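Student: Quick note on numbering: UniProt numbering labels position 103 of the sequence shown as 103, and the sequence is numbered without any gaps.
Virtual Cβ for every residue (Gly too), placed ideally from N, Cα, C.
All values reported here derive from a predicted model rather than from experimental measurement.
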Amino acid sequence: MIGRPKPPGLDAAAKIRARARSRQGPAAMMPDAVSALGVRVAGGPLVPLEIRRREPGPRDVVIDILFCGLCDCDVREGRKEGPAARLPLVPGHQIVGVVARTGAGAADLEPGARVGVGALVDSCRECAPCRAGQEQLCAGSVATYGALDPRTGDYTHGGYSKRIVVDRDFVLRIPAALDLAVAASLPCAGIRAYSTLLHPGVGPGSTVGVPDPGGRGALAARLAAAMGAAVNVPAAADPLQVVIDTGPRVPSLVGSVAETRQLLEFCAKHQVAPGFELVGAQGLNKAWERILAADVQHGFVLDLATLGGND
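1) As a quick exercise: from Gly203, Ala220, Val142, pick the residue whose alpha carbon is nearest that of Pro211.
2) Taking the alpha carbon of Ser256 as the reference point, which residue from Leu120, Arg101, Ala224, Gln94 has its own alpha carbon closest?
3) Quick check on the burial criterion: 16 or more other C-beta atoms within 10 angstroms. Buried or exposed for Arg53?
4) Ile63 and Val115 - do their beta-carbons sit closer together than 8 angstroms?
5) Just confirm the distance between the C-beta atoms of Ala273 and Val279, as a whole number of angstroms; I'd bet it's less than 8 angstroms.
6) Keeping to the same chain, check which residues put their C-beta closer than 6 angstroms to that of Cys127; ignore five residues upstream and five downstream.
7) On a Cα-Cα basis, can you pick out the residue from Ala184, Pro175, Val75, Ala143 that is closest to Glu277?
8) So, with DSSP's three-state summary, where would you put Glu289?
9) Can you list, in chain order, the residues of its chain whose CB lies under 7 angstroms from that of Glu77, leaving out five sequence neighbours each side?
10) With a Cβ-Cβ cutoff of 8 angstroms, do Leu66 and Val98 count as a contact?
11) What distance in whole Å lies between the Cβ atoms of Leu263 and Tyr160, which are believed to be in contact at a cut-off of 8 angstroms?
12) Assign Asp108 to buried or exposed, taking buried as 16 or more other Cβ atoms, counted over all protein chains shown, within 10 Å of its Cβ.
13) DSSP puts Asp122 in a beta bridge; with which residues?
14) At 4 residues or longer, what runs of the alpha helix (DSSP H) sit wholly inside the UniProt domain "Alcohol dehydrogenase-like N-terminal" (57-175)?
15) For Arg79 and Val47, I'd like the C-alpha separation in whole angstroms.
16) Can you check whether the CB of Val117 is closer than 8 angstroms to the CB of Val166?
17) Below 8 angstroms CB to CB, which residues in the same chain sit around Arg59 once its five sequence neighbours on both sides are set aside?
18) Run through DSSP, which three-state label would Ser206 get?
19) In the DSSP assignment, what residue or residues form a beta bridge with Pro48?
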C-alpha cells in the first residue's frame with residue numbers, strides 16, 4: 001500500500017460496524033495497552049508511545065509482532081504536517097509475528113502459528129470486488145494504519161508496535177520455509193511486483209525488463225526469474241514483453257489478500273529472499289532519514305524485540 005486510502009463510504013462503514021456487532025459475544029477478550037513507536041507531533045520524529053488495541057471479537061486474532069518491514073509511504077505519512085496529519089500515527093503494514101490468542105471463530109490459527117498482516121485489515125465483504133476476492137478495490141477497505149476504523153471510530157495503528165488485533169480474513173500464514181524477517185519485506189513491495197508479473201502471465205518464454213535494479217527492482221527480477229522468465233536488469237533497449245515499474249503506486253493497485261498468500265508460498269517454494277537491513281528501535285529515525293535521502297540499497301525491517309514493553 002502506498003499512501004492512505006479515503007475513509008470508508010457510509011454504506012460500507014455501516015456494514016463493517018454491523019458485522020462487528022454481530023460477532024461480539026460474552027467471551028470477547030479485553031483490549032491491551034501496547035508499546036509502540038509512532039509520530040506524536042506533525043512532522044516530528046518517531047517516539048515511544050502506548051496505544052490500545054480494540055477489543056478482540058470471536059473471529060479476531062491477537063498477534064505478537066516480531067518484525068515489521070519499513071515502506072517509503074510510512075515515512076511520507078509520518079512526515080505529514082498540518083490538518084491532514086492524523087496523530088498519533090503508528091505506521092507499518094508489513095507485519096510478521098506469531099499468534100498469541102484467538103476468538104473461537106479463528107481457532108484454526110493456533111497460538112504460536114507464524115502469521116503476517118499486509119496493507120488492509122478490513123473491508124465490507126459484500127461489494128462486487130470483495131465477492132470477487134479483490135478486497136483491495138473495496139470502497140470500504142480499511143488500511144492497516146492511518147485509516148478510520150468503522151468498528152471503533154478511531155484510526156488504525158500499524159506494525160511499529162508489539163501487538164495487533166486483526167480479523168481472521170486478513171491474516172496471512174507464513175510458510176515454515178520462509179524466514180520471518182524475510183517475510184516482513186514482502187507484503188508491500190513484494191506483492192506489487194508479484195501482482196504485476198502474475199496478471200500478464202509471466203513465465204517461461206517471457207522477457208521482463210526491470211528499469212531500476214535497486215531494492216524493489218532486484219526483488220522483481222528474482223520473482224520473474226523464479227517464474228521462468230528471461231530478465232534484463234536494467235532493461236535493455238530491445239522490445240520487452242513486460243516492463244516492471246518499481247515506482248510508487250496508488251492503494252487500489254496493491255494485490256489482494258489471496259495473492260499475498262500466494263506470494264508467500266511462492267517465495268518459500270523458490271527461496272526468493274529480498275535483501276534488507278535489520279534495524280532496531282533506536283535506529284528507526286535514522287532509517288527514516290536514509291529513506292528520505294534515498295540512501296537505501298535494499299529495504300529495512302524493524303526488529304520489535306528491540307522495543308521495550310509487553311514482553
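Tutor: Let's see:
1) Within the sequence shown, numbered from 1, the residue matching residue 211 stands at position 211. Pro211 has its Cα closest to that of Ala220, out of Gly203, Ala220, Val142.
2) Within the sequence shown, residue 256 is the residue found at index 256, counting from 1. If we check each option's Cα against that of Ser256, Leu120 comes out closest.
3) Within the sequence shown, residue 53 is the residue found at index 53, counting from 1. Arg53 should be labelled buried.
4) For the purposes of this step, residue 115 is taken as the residue at position 115 of the sequence shown. For the purposes of this step, residue 63 is taken as the residue at position 63 of the sequence shown. Yes, the pair counts as a contact, with Cβ atoms nearer than the cut-off.
5) Indexing the sequence shown from 1 puts residue 273 at position 273. Indexing the sequence shown from 1 puts residue 279 at position 279. Actually they do not touch by this definition, with Cβ atoms about 17 angstroms apart.
6) Stepping through the sequence shown from its first residue, residue 127 is reached at position 127. These residues qualify, in order along the chain: Cys138.
7) Within the sequence shown, numbered from 1, the residue matching residue 277 stands at position 277. Per the Cα distances, Ala184.
8) Indexing the sequence shown from 1 puts residue 289 at position 289. The answer is helix: DSSP assigns Glu289 an H, G or I state.
9) Sequence index remark: in the sequence shown, residue 77 carries index 77 (1-based). These residues qualify, in order along the chain: Arg4, Leu89, Pro91, Gly146.
10) For this step, residue 66 is matched to residue 66 along the sequence shown. For this step, residue 98 is matched to residue 98 along the sequence shown. Going by C-beta atoms, Leu66 is nearer than 8 angstroms to Val98.
11) Against the sequence shown, residue 160 aligns to sequence position 160. Against the sequence shown, residue 263 aligns to sequence position 263. Not a contact, Cβ separation roughly 22 angstroms.
12) Here residue 108 refers to the residue found at position 108 when the sequence shown is read from its first residue. Answer is exposed; the Cβ neighbour count stays below 16.
13) Within the sequence shown, numbered from 1, the residue matching residue 122 stands at position 122. Partner(s): Val142.
14) 72-78, 128-131
15) As a position in the sequence shown, residue 79 is number 79, starting the count at 1. As a position in the sequence shown, residue 47 is number 47, starting the count at 1. For Arg79 and Val47, the distance between alpha carbons rounds to 13 angstroms.
16) Reading the sequence shown from its first residue, position 166 is the one you call residue 166. Reading the sequence shown from its first residue, position 117 is the one you call residue 117. Yes. Within cutoff.
17) Position 59 of the sequence shown, counted from the start, is the residue given in the question as residue 59. Answer for Arg59: Arg23, Gly103, Gly105, Ala106, Asp167, Arg168, Asp169, listed in chain order.
18) Along the sequence shown, read from residue 1 onward, the residue named residue 206 stands at position 206. Note: Ser206 maps to coil in three-state DSSP.
19) For the purposes of this step, residue 48 is taken as residue 48 along the sequence shown, with counting starting at 1. Answer by DSSP bridge pairing, in chain order: Leu37.
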